[in-house]
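FYI, the numbering for the sequence shown is -18 to -1, 1 to 415, going by mature numbering (1 follows the signal peptide of the UniProt record, and there is no 0).
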Amino acid sequence: LAAHLLLLLPLLSCAVRASEITFELPDNAKQCFYEEIAQGTKCTLEFQVITGGHYDVDCRLEDPDGIVLYKEMKKQYDSFTFTASRNGTYKFCFSNEFSTFTHKTVYFDFQVGEDPPLFPSENRVTALTQMESACVSIHEALKSVIDYQTHFRLREAQGRSRAEDLNTRVAYWSIGEAIILLVVSIGQVFLLKSFFSDKRTTTTRVGSLRTFPFIIMGSTNSRQNPPPPSNNTCEGNNVDTCQRDSKQNYELYDLSVEIEEPSTTASEIPNSDEDPEDVFYKFVILHAENDIDEAIRVQHLLQNKFCVKPGIIFAEMPCGRHVLENLNDAVNRSAWTIILLTENFLSEAWVEFQSYTSLINALNKRHKYNSVIPVRPLNNPLPREKTPLVLQTINALEEDSPGFAKQVEKLFQESKYRQQQAIWKTEKMKERN
């Protein structure tokens, strides 16, 4: 047994020549290797890309005369066997020149020649002894184990590289989505806040004329003269005491400006100790464009007959002003919002939008609860079955109803008006400070 082991050690050192290397191949780079091979020697080249990009590489094998024996482009792995046709230096190169920014990790195994006999007497005519046969079997089994371990290590390294690359991409993608979601959420919050926030608007003076920034009282198309002043006497029983002070008796004037025509007209504001910007109205009427006359009639009815004053109508917007800002100012600068339900209500989407905005404003502010009042006037009223479902949930004032006067007395309470007026003045003082 000792003699056989002594013979085995020098034979193992004289095994077949082999080069097994794993190296880094940078982007736009080319790496070549050289091997001296004798004529008639059988050789095998095996390679595999472990990491980088699409796991591919260019491979080229040339003989001493420069003749190309093997050439493959963008291969992930391959194996090539050839027999040397002459003595000399053979060259094989790996190229990553097609990649602009991705480096690769490449493994290759270049075997030159065949394994020599394990024992010098292995090719003899006589049979091997039992010990020699066992050594040969163990040697072949160990070679297979080494090959399997090499391939498994390569597969594990490649799989780990793919997993780490995928994990990095998922992490960056998740961070990007989180940032986008945060930006969109903040943007939506500020956008919705801008719809319902109270913004104080400055007034513009032209000569001795003063224009209100958000409400047109009256219409340039229908009338140019201010409505007649109201009487201080009020009809109806159990109505809140009328405000007889001349400083609180506000009249409506046509302040609309003709933009398209060369001449610009406006009615002068009556002299008063109170700035028109400091007036908090009892009601504002939202109506369709074709219902201006009917809105003015309802306005006069509430002011002259029931002493619900001061009140205004939301006829149209001044040019150059943001629509929502004007509507928001109109709703917040009055105690009650009256929605005029006529046949023209459904024909204009803008009027419906005004109504829904008023309802949302009433829900967002506690002191604005029950401040939206739908009204069906005498002329051209909107049938109940055509009324939008959102407005059907609110009891509407019916002008042709026998109990119309009592409903007006019950809704327009002076105490609620004073409460909302105080809240509005407090908020306005905070904005100024």
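For every residue, glycine included, the Cβ atom is placed at its ideal position computed from N, Cα and C.
All values derive from a computational prediction rather than experimental measurement.
* To do: Quick one: measure Cβ to Cβ for Glu28 and Ser61, integer angstroms, because I've assumed they're closer than 8 Å.
  => Sequence index remark: in the sequence shown, residue 28 carries index 46 (1-based). Sequence index remark: in the sequence shown, residue 61 carries index 79 (1-based). Their Cβ separation, rounded to whole angstroms, is 4 Å, which keeps Glu28 and Ser61 in contact under 8 Å.
- [ ] Counting only the same chain and skipping the five closest in sequence on each side, list residues whose C-beta sits under 6 Å from that of Ala139.
- [x] Along the sequence shown, one-based indexing puts residue 139 at 157. Contacts found: Ile32.
Ile128: first and last residue of the uninterrupted alpha helix (DSSP H) it sits in | Reading the sequence shown from its first residue, position 146 is the one you call residue 128. Segment Gln112 to Phe178, the alpha helix (DSSP H) holding Ile128.
>> Given this structure, state the Cα-to-Cα distance separating Gln285 from Ala160, to the nearest angstrom.
In response: Translated into the one-based positions of the sequence shown, residue 285 becomes position 303. Translated into the one-based positions of the sequence shown, residue 160 becomes position 178. Gln285 and Ala160: Cα-Cα distance of roughly 56 Å.
Just the Cα atoms here: how many angstroms apart are Leu163 and Ser176?
Along the sequence shown, one-based indexing puts residue 163 at 181. Along the sequence shown, one-based indexing puts residue 176 at 194. Looking at the backbone, the Cα of Leu163 and that of Ser176 are separated by about 20 Å.
TODO: Measure the C-alpha to C-alpha separation of Ile320 and Ile157 and round it to an integer number of angstroms.
DONE: Position 338 of the sequence shown, counted from the first residue, corresponds to residue 320. Position 175 of the sequence shown, counted from the first residue, corresponds to residue 157. Going by the C-alpha atoms only, they are around 49 Å apart.
| message | On the CB-based measure, 16 or more other CB atoms within 10 Å of its CB, does Gln131 come out buried or exposed? | response | Position 149 of the sequence shown holds residue 131. It counts as exposed.
Q.
Given this structure, state the Cα-to-Cα distance separating Arg279 from Ile168, to the nearest angstrom.
A. Locating residue 279 in the sequence shown gives position 297, where the first residue counts as 1. Locating residue 168 in the sequence shown gives position 186, where the first residue counts as 1. Rounded to the nearest angstrom, the two C-alpha atoms are 45 Å apart.
_Beta-carbon proximity list for Asp45, same chain, < 8 Å, skipping 5 on both sides_ = What you label residue 45 is simply residue 63 of the sequence shown in a count that begins at 1. Closer than 8 Å at Cβ, skipping near neighbours: Leu51, Ala66, Ser67, Arg68, Gly70 and Tyr72.
Query raised in the report: Roughly how many angstroms separate the alpha carbons of Asn272 and Val165, rounded to a whole number?
Result: The residue given as residue 272 occupies position 290 in the sequence shown. The residue given as residue 165 occupies position 183 in the sequence shown. Their backbone Cα atoms lie some 42 Å apart in a straight line.
(Q) Which residue marks the beginning of the beta strand (DSSP E) containing Ala261, and which one marks its end? (A) As a position in the sequence shown, residue 261 is number 279, starting the count at 1. It should be noted that the sequence gives Val, not Ala, for residue 261. From DSSP, Val261 is part of no beta strand (DSSP E); its letter is neither H nor E.
Query raised in the report: What residues in its chain sit with their C-beta under 7 Å from that of Glu380, if we drop five residues either side in the sequence?
Result: As a first step, residue 380 must be located in the sequence shown, where it is residue number 398. Excluding sequence neighbours, Glu380 sits near Arg358 and Phe386.
Original post:
Nearest-angstrom Cα distance between Gln336 and Leu309?
Top reply: Within the sequence shown, the letter at position 354 stands for residue 336. Within the sequence shown, the letter at position 327 stands for residue 309. So the alpha carbons of these two residues sit roughly 7 Å apart.
Discussion item. Taking the alpha helix (DSSP H) that Asp275 belongs to, which residues open and close that run?
Written reply: The sequence position of residue 275 within the sequence shown is 293, counting from 1. First-last of the alpha helix (DSSP H) with Asp275: Ile274 to His282.
| From which residue to which residue does the beta strand (DSSP E) around Glu54 run? | Residue mapping note: residue 54 aligns to position 72 of the sequence shown, counting from 1. Glu54 -> beta strand (DSSP E) spans Val50 to Lys57.
*Whose C-alpha, out of Ser119, Thr63, Lys410 and Gln13, is nearest the C-alpha of Thr23?*
In the sequence shown, residue 23 corresponds to position 41, counting from 1. Nearest option by C-alpha distance: Thr63.
- Message: Looking at the secondary structure, which residues open and close the alpha helix (DSSP H) in which Val390 lies?
- Response: Counting from one through the sequence shown, the residue named residue 390 turns up at place 408. Start and end: Phe386 to Leu393.
Test item: CB-CB of residue 426 and Gln403 under 8 Å
The structure shown has nothing for residue 426, since the chain only spans -18 to 415.
Residue 425 versus Arg366 - alpha carbon distance
The question about residue 425 has no answer here: the residues shown for the chain are numbered -18 through 415.
Which word fits Thr202, buried or exposed, when buried means at least 16 other C-beta atoms lie within 10 angstroms of its C-beta?
The residue you call residue 202 lines up with position 220 of the sequence shown. Caution applies to Thr202, whose pLDDT of 36 falls short of 50 and renders its modelled position unreliable; the value that the coordinates give is listed next. It is buried - the Cβ of Thr202 has at least 16 other Cβ atoms within 10 Å.
| message | Which same chain residues end up closer than 6 Å to Trp406 when comparing Cβ atoms and leaving out the 5 residues on each side of it in sequence? | response | Within the sequence shown, numbered from 1, the residue matching residue 406 stands at position 424. The answer, listed in chain order, is Phe262.
For this session: Going by CA-CA distance only, name the one from Phe394, Tyr37, Glu96 and Phe76 that's closest to Cys289.
Result: Translated into positions along the sequence shown, residue 289 becomes position 307. Comparing Cα positions, the closest option is Phe394.
Assuming Gln58 contacts Tyr37 under a Cβ cut-off of 8 Å, what Cβ separation, rounded to an integer in Å, is found between them?
-> Taking the first residue of the sequence shown as position 1, residue 58 is located at position 76. Taking the first residue of the sequence shown as position 1, residue 37 is located at position 55. At roughly 5 Å, the Cβ-Cβ gap stays under 8 Å, so Gln58 and Tyr37 are in contact.
Open item on the list: With the cut-off set at 8 Å, would you say Thr25 and Cys75 are in Cβ contact?
Closed with: Here residue 25 refers to the residue found at position 43 when the sequence shown is read from its first residue. Here residue 75 refers to the residue found at position 93 when the sequence shown is read from its first residue. In the sequence under discussion, the amino acid at residue 25 is Cys, which differs from the Thr named in the question. No, the pair does not count as a contact, with Cβ atoms beyond the cut-off.
task: Please name the residue in Asp382, Phe80, Ala378 and Asp91 whose C-alpha comes closest to that of Asp9.
output: Here the question's residue 9 lines up with position 27 in the sequence shown. Of all alpha-carbon atoms in Asp382, Phe80, Ala378 and Asp91, the one lying nearest the alpha-carbon of Asp9 is that of Phe80.
Quick one: measure Cβ to Cβ for Glu334 and Pro370, integer angstroms, because I've assumed they're closer than 8 Å. As a working mapping, residue 334 is identified with position 352 in the sequence shown. As a working mapping, residue 370 is identified with position 388 in the sequence shown. Confirmed, about 7 Å.
Can you tell me the Cα-Cα spacing of Thr150 and Arg144, whole angstroms?
For the purposes of this step, residue 150 is identified with residue 168 of the sequence shown, where counting begins at 1. For the purposes of this step, residue 144 is identified with residue 162 of the sequence shown, where counting begins at 1. Rounded to whole angstroms, Thr150 to Arg144 spans 10 Å at the Cα level.
### Message
Under DSSP, the beta strand (DSSP E) around Arg358 begins and ends at which residues?
### Response
As a position in the sequence shown, residue 358 is number 376, starting the count at 1. Arg358 -> beta strand (DSSP E) spans Val354 to Arg358.
(message) Cutting at 6 Å between CB atoms, please list the residues of its own chain near Leu373, excluding the five before and the five after it.
(response) Residue 373 sits at position 391 when you count from the first residue of the sequence shown. The answer, listed in chain order, is Pro356.
Query raised in the report: Is Ile342 helix, strand or coil when you go by DSSP?
Result: As a first step, residue 342 is located in the sequence shown; it is residue number 360 there, counting from the start. Helix, per DSSP.
- Extent of the continuous alpha helix (DSSP H) run through Thr87: The residue labelled residue 87 in the question sits at position 105 within the sequence shown. Here Thr87 belongs to no alpha helix (DSSP H); instead the beta strand (DSSP E) covers Lys86 to Val94.
**Message:** Please report the distance separating the alpha-carbon of residue 491 from that of Glu54.
**Reply:** Residue 491 falls outside the range modelled here, since the chain spans only -18 to 415, and no answer is possible.
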